[in-house]
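Going by this note's numbering, the first residue of the sequence shown is number 3, and it counts up by one from there. Note that CB positions come from ideal geometry on N, CA and C, so glycine has one too.
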Amino acid sequence: MPEAVLIFTFGPVQPFIAEARRTADLFTGSQILVCLARAAGKALKSRGRLVYPAELTEAEDVPNKLVTMVSWEEAQIAAEEARVALLREWERIADTAGRELERLGPLPDDTWREIWDRQTNKLWEIFWAAASLEGRSYREAYKEADRVLTGVKRTRIFEQAEERGLKDSLSGRREALHTRDRNARDYWKAIAGKVPTAKLRQEGRERLDAIGAVKRFSDLAERGRFPSTSTVASTEFLNNAKGQLNRYREAMEKLLGAYLYRVQSHDSEWPYDGDLLYLETLAENRLLESYGMKKPDHALLEKARCELRSVYSQLKMRPSP
């Protein structure tokens, strides 16, 4: 029974990761891809010998292109089992997000489920190719399988899907989730009222489709908190400002009060998001958008601005834009 080189891959990868607004979206998106690849890899391993990656340990990330050695007669069976395992894992991950949204409410109805099923069921494109080793080297068989795989991927066979109404905030391409009785803005406003602003922008300003909702509300999204892009960009400024932020922090805490949320529990001097180190954030529209504060006290707002300008003056620098 001759062996074969089987190459299995799936996508889209880059668009899936790129559709993100927060660093947490990037992390969860990449972890979803790893989980899907691992599920497919385990199915392939049960039928043959993995070549790439050599192992499927939980500590290692798994690429979206897998290579395995299987018997030529079982190549199609192995690829189909890997496809089923990948889609089953995606369904499991997506279901955790769906249950969380159902818990938060409003309850999904037929309109909501039609959008959810349409978007989650037609996301992944799965490709594979195999070449027999009979009468040739591994290298020759791999090159043939890879050539065929490239050709298959270029055909880009997919079903058209009509995406009506208000689009989601992450991709701008797909219909945002909503129910029959609530439009997308009202639906996500109701969800946002039950989660921290760090999770979802308030007042319906951030609207997600099914794919974005999986990134934001699945069990993988709860595995850690991540610094925002503002926090990353302001790191150098924050390091230089140590010992000089106390007066500004106190003024800002009086201004925002219960609207504040901590992101760095290990830092007692500055446990808040880096966006508050930017003067531009201390504006009514930004405080409403990012923190849900509708009517800030103007005296407290001006006090916070003055204290932050004072820090800029002392350091002779501002956080990087």
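Nearest residue (CA-CA) to Ala77, options Gln246, Phe29, Ala147 and Leu35: Ala147
Local conformation of Lys155 per DSSP, three classes: helix
The beta strand (DSSP E) enclosing Ala163, as first and last residue numbers: Segment: none, Ala163 is in no beta strand (DSSP E) and carries neither H nor E.
Residue burial classification, Glu208 (beta-carbon count within 10 angstroms, cutoff 16): buried
Segment contact, 8 Å Cβ cut-off, at least three pairs: the region 118-128 with the region 201-220: yes
Per DSSP, the bridge partner or partners of Tyr274: Arg264
Nearest-angstrom beta carbon gap, Leu179 and Trp114 [assumed within contact, 8 Å]: 6 Å
Same chain only: Cβ atoms within 6 Å of Thr30, ignoring 5 sequence neighbours per side: Lys217, Leu222 and Ala223
Same chain, Cβ closer than 7 Å to Tyr274, five either side skipped, listed in chain order: Leu262, Arg264 and Val265
Tyr314 vs Arg320 beta-carbon contact at 8 Å: yes
8 Å CB neighbourhood of Arg175 in its chain, flanking five on each side removed: Glu165 and Lys169
Straight-line gap, Thr283 to Pro198 (C-alpha atoms, nearest Å): 18 Å
Validate contact between the region 57-71 and the region 30-42 using beta carbons, cut 8 Å, 3 pairs: yes
Beta-carbon spacing of Leu135, Ala56 below 8 Å: no
Residue-level contact to chain C via CB, Lys305, 8 Å cutoff: Considering every chain present, this structure includes no chain C. It has just one protein chain.
Whether Gly276 touches Ser236 by CB criterion (8 Å): yes
Secondary structure of Trp92, DSSP reduced to three states: helix
Collapsed DSSP secondary structure at Met71 in the structure displayed: DSSP places Met71 in strand when its eight states are reduced to three.
Exposure label - Ser171; buried when at least 16 CB within 10 Å: buried
Extent of the continuous alpha helix (DSSP H) run through Glu286: Glu286 to Tyr293
Three-state secondary structure (DSSP) of Gly13: Per DSSP, reduced to three states, the secondary structure at Gly13 is strand.
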